[in-house]
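Asker:
Numbering (the numbering used here), first residue to last: 62 to 594.
Structure (structure tokens):
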């Protein structure tokens, strides 16, 4: 007894059966005659499974006759990696359908391959379907009228256009608002956002016939892998720089750099003429994307555990994308059809990740941490560097000194002065050059400060960090970390990026100190001895 599977689509149940016997293209007459009917096997949930680098034959039948006056259509989901040869009544001449076909503009929508059928389709006249594919995957079949299918695709296109436009909006927002601040993290973010914009537009079929996405036409399904590889390259570079992995986790930083090379190799393989089967290439890339996303997310947790600022937002930005990528990889490896919810969630979580990373980037580039108990009005801050001005800094030091003496707690200060060579250059170029240099120095300093610490500008080229509760060992450790970060960073001077260094003087509250000025005198003395040395 023949087993069948039923599904209801637009009030028309269909039966999908697969031929297990090998059938050549020249055996179509025998197929139509019913010589291969004994090899039919029912497919569950009215789905078909495309074989990797091969052809599979199916028979699709209506349970009852098509009685609607509208023209029917067969829809094949997630069909951007297959070519369907359809032999339909009444003549069974055969027609080829492919989403990569440039001859039919309305079929550029990438959600389903739409096969128009003849009106008056009867249950006794089945459709024969040959599916050629380079990627093993599961596709769902449904039957509806052609007009309803086109209206559904148009509604879906209205939804799809939101996400590339959202990505492009975030890219322009970052470029227009954060570009003047000149942080090195901006370029990996822009590259990642641009790659995701093109990827989402390509997957939705938006602008498929126009430049630049038309350049990806020859790649076929490998175009998705090409853009995804570049998106992951920029994501890894952003993570590497933002979390400061070379200093915080050197071994993990080496693996992350290795992942960049792997993704570039995959991008080259996707762009070149086929060397490996598309299915093997995309499946391997999917596994690498999952592993790398796990490394990125794990790096964020490690940075958060070690107290790095902004790591919590970084984790939150990547969390939804990690879950969806995990489910996508599972469906890819198990060769199962993705649900409509999972397909619709992918552009959403990618946009959420882009928005979250923009928040992280903006917060990193514009924030300046101050002691909450010494918060001051904007008029008490140095406008160009974002630090407290001299008066507010002295007031904050006095308050911290009184609290430390009364509570018998530790108190340390660090006097930081720019390299003498850069100070001389800034004097020649004007105060704005020195302001930009101190702003870059502030960016290195605030990454190491705690929430209770504060920093202010004492004079031209000099900063003062106030560290309540920090011992001399902790203060010198902070100074060493900031010195290493400054040595590895490039500061803005005269419109150019230059390597720089800074001198540090550390002083800790002692029992013999009666005024905060003694802290400053001792820190200045150590600073001068360091400069002379």
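Where a beta carbon is used, it is the ideal one built from N, C-alpha and C, also for glycine. Everything numeric in this text was worked out from a predicted model, so none of it was measured.
Could you tell me which of 276, 294, 213 sits nearest to residue 249, measuring between CA atoms?
Answerer: Position 188 of the chain shown, counted from the first residue, corresponds to residue 249. Looking at the Cα atoms, 294 is the closest of the given residues.
Asker: Checking contacts by CB at 9 Å: is residue 321 closer than that to chain B?
Answerer: Absent from the structure: chain B. Only one protein chain is present.
Asker: Should residue 122 and residue 177 be called a contact, given that it needs their Cβ atoms to be closer than 9 Å?
Answerer: Looking up residue 122 in the chain shown gives position 61. Looking up residue 177 in the chain shown gives position 116. No.
Asker: Among 385, 361, 384, which has the Cα closest to the Cα of residue 374?
Answerer: In the chain shown, the residue the question calls residue 374 occupies position 313. With distances taken between Cα atoms, residue 374 lies closest to 361.
Asker: Tell me, which residues are paired with residue 108 by DSSP?
Answerer: For the purposes of this step, residue 108 is identified with residue 47 of the chain shown, where counting begins at 1. Beta-bridge pairing links residue 108 to 201.
Asker: Relative to the C-alpha of residue 215, which candidate in 247, 183, 267 has its C-alpha closest?
Answerer: Along the chain shown, one-based indexing puts residue 215 at 154. Closest option to residue 215, Cα to Cα, is 267.
Asker: Assign residue 417 to one of two classes, buried (16 or more other C-beta atoms within 10 Å of its C-beta) or exposed (fewer than that).
Answerer: Position 356 of the chain shown, counted from the start, is the residue given in the question as residue 417. Buried.
Asker: Less than 9 Å between the beta carbons of residue 202 and residue 107, yes or no?
Answerer: What you label residue 202 is simply residue 141 of the chain shown in a count that begins at 1. What you label residue 107 is simply residue 46 of the chain shown in a count that begins at 1. Yes. Within cutoff.
Asker: So which of 307, 370, 277 has the shortest CA-CA distance to residue 512?
Answerer: Taking the first residue of the chain shown as position 1, residue 512 is located at position 451. Per the Cα distances, 370.
Asker: Enumerate in chain order the residues of its own chain whose CB-to-CB distance from residue 574 is below 7 Å, with the five nearest sequence positions on each side excluded.
Answerer: Your numbering for residue 574 matches position 513 in the chain shown. Taken in chain order, the residues that qualify are 580.
Asker: The beta strand (DSSP E) with residue 193 in it runs from where to where?
Answerer: Here residue 193 refers to the residue found at position 132 of the chain shown. Residue 193 -> beta strand (DSSP E) spans 188–194.
Asker: Which value, in whole angstroms, describes the spacing of the CA atoms of residue 91 and residue 97?
Answerer: In the chain shown, residue 91 corresponds to position 30, counting from 1. In the chain shown, residue 97 corresponds to position 36, counting from 1. Roughly 7 Å between the two C-alpha positions.
Asker: Nearest to residue 466 by alpha carbon, out of 372, 571, 501?
Answerer: Against the chain shown, residue 466 aligns to sequence position 405. Selected option, being the one with the closest Cα: 571.
Asker: Pick out whichever of 276, 411, 149 has its Cα sitting closest to the Cα of residue 223.
Answerer: For the purposes of this step, residue 223 is identified with residue 162 of the chain shown, where counting begins at 1. Considering only alpha carbons, the answer is 411.
Asker: Can you tell me whether DSSP reads residue 585 as helix, strand or coil?
Answerer: Mapped onto the chain shown, residue 585 falls at position 524. The answer is helix: DSSP assigns residue 585 an H, G or I state.
Asker: Output the residue ranges of the beta strand (DSSP E) runs that lie fully inside the stretch 71–152 and measure 3 residues or longer, sorted by chain position.
Answerer: 73–80, 101–103, 108–111, 115–123, 133–138, 143–148
Asker: Going by beta carbon distance, what residues of the same chain come within less than 8 Å of residue 299, once the five residues before and after it are set aside?
Answerer: Position 238 of the chain shown holds residue 299. Residues 246, 249, 250, 253, 418 of the same chain have their beta carbon placed closer than 8 Å to that of residue 299, with the five preceding and five following residues left out of the count.
Asker: Using the C-alpha atoms, what's the distance from residue 346 back to residue 169?
Answerer: The residue given as residue 169 occupies position 108 in the chain shown. The residue given as residue 346 occupies position 285 in the chain shown. With a pLDDT of 45 at residue 169, under the threshold of 50, the modelled position of that residue is not reliable, and the figure given next carries that caveat. Cα to Cα, the separation comes out at about 25 Å.
Asker: Going by CA-CA distance only, name the one from 350, 316, 125, 357 that's closest to residue 304.
Answerer: The sequence position of residue 304 within the chain shown is 243, counting from 1. Checked all of 350, 316, 125, 357; the closest Cα to residue 304 is 357.
Asker: For residue 60, write down the residues that DSSP places opposite it in a beta bridge.
Answerer: Any question about residue 60 goes unanswered here, given that the chain covers just 62 to 594.
Asker: Which whole-angstrom value describes the C-beta separation of residue 422 and residue 257, a residue pair presumed to lie in contact below a C-beta threshold of 8 Å?
Answerer: For the purposes of this step, residue 422 is taken as residue 361 along the chain shown, with counting starting at 1. For the purposes of this step, residue 257 is taken as residue 196 along the chain shown, with counting starting at 1. 15 Å between Cβ atoms; not a contact.
Asker: Pairing CB atoms from the stretch 224–233 with CB atoms from the stretch 374–384, are three or more of them under 8 Å?
Answerer: Remark: fewer than three beta-carbon pairs, one from each stretch, lie closer than 8 Å, so the stretch 224–233 and the stretch 374–384 are not flagged as touching.
Asker: Are at least three pairs of beta-carbons, each pair with one atom in the stretch 280–295 and one in the stretch 308–319, less than 8 Å apart?
Answerer: no
Asker: Pull up the CB-CB distance for residue 502 and residue 563, whole angstroms please, since I reckon it's below 8 Å.
Answerer: Counted from its first residue, the chain shown places residue 502 at position 441. Counted from its first residue, the chain shown places residue 563 at position 502. About 6 Å separates the Cβ atoms of residue 502 and residue 563, confirming a contact at the 8 Å cut-off.
Asker: Only counting the same chain, and skipping five residues up and downstream in sequence, which positions put a Cβ closer than 7 Å to that of residue 350?
Answerer: The residue given as residue 350 occupies position 289 in the chain shown. Correct list, in chain order: 289, 293, 386.
Asker: In this structure, does DSSP put residue 158 in helix, strand or coil?
Answerer: One-based indexing of the chain shown puts residue 158 at position 97. Assignment of residue 158 by DSSP, reduced to helix, strand and coil, places it in the strand class.
Asker: Could you compute how far the alpha carbon of residue 601 sits from the alpha carbon of residue 204?
Answerer: For the chain, the structure presents residues 62 to 594; residue 601 sits outside this window and is missing.
Asker: Give me the Cα-Cα distance between residue 539 and residue 509, rounded to the nearest whole angstrom.
Answerer: For the purposes of this step, residue 539 is identified with residue 478 of the chain shown, where counting begins at 1. For the purposes of this step, residue 509 is identified with residue 448 of the chain shown, where counting begins at 1. Each residue's alpha carbon lies about 7 Å from the other.
Asker: Around the C-beta of residue 93, are 16 or more other C-beta atoms found within 10 angstroms, so that it is buried, or is it exposed?
Answerer: Residue 93 sits at position 32 when you count from the first residue of the chain shown. Residue 93 is exposed by the Cβ-count criterion.
Asker: Any chance the stretch 512–529 sits against the stretch 451–462, with 3 or more Cβ pairs inside 8 Å?
Answerer: yes
Asker: Can the beta-carbon of residue 521 be found closer than 9 Å to that of residue 588?
Answerer: Working through the chain shown from its first residue, we reach residue 521 at position 460. Working through the chain shown from its first residue, we reach residue 588 at position 527. Residue 588 is positioned such that its CB atom lies no closer than 9 Å to that of residue 521.
Asker: Taking the straight line between their C-alpha atoms, what separation do you get for residue 277 and residue 405?
Answerer: Start at 1 with the first residue of the chain shown, and residue 277 comes out as number 216. Start at 1 with the first residue of the chain shown, and residue 405 comes out as number 344. Taking the straight line from one Cα to the other gives about 23 Å.
Asker: Report the rounded CA-to-CA distance for residue 533 versus residue 291, giving the unit in angstroms.
Answerer: Your numbering for residue 533 matches position 472 in the chain shown. Your numbering for residue 291 matches position 230 in the chain shown. Distance between the alpha carbons of residue 533 and residue 291 is about 46 Å.
Asker: Determine whether the beta carbon atoms of residue 449 and residue 461 lie at a separation below 9 Å.
Answerer: Here the question's residue 449 lines up with position 388 in the chain shown. Here the question's residue 461 lines up with position 400 in the chain shown. Not closer than 9 Å, so no.
Asker: Per DSSP, what kind of secondary structure is residue 175 in: helix, strand or coil?
Answerer: Counting from 1 along the chain shown, the entry for residue 175 is found at position 114. Strand, per DSSP.
Asker: Among 359, 324, 355, whose alpha-carbon lies nearest the alpha-carbon of residue 343?
Answerer: Here residue 343 refers to the residue found at position 282 of the chain shown. Per the Cα distances, 324.
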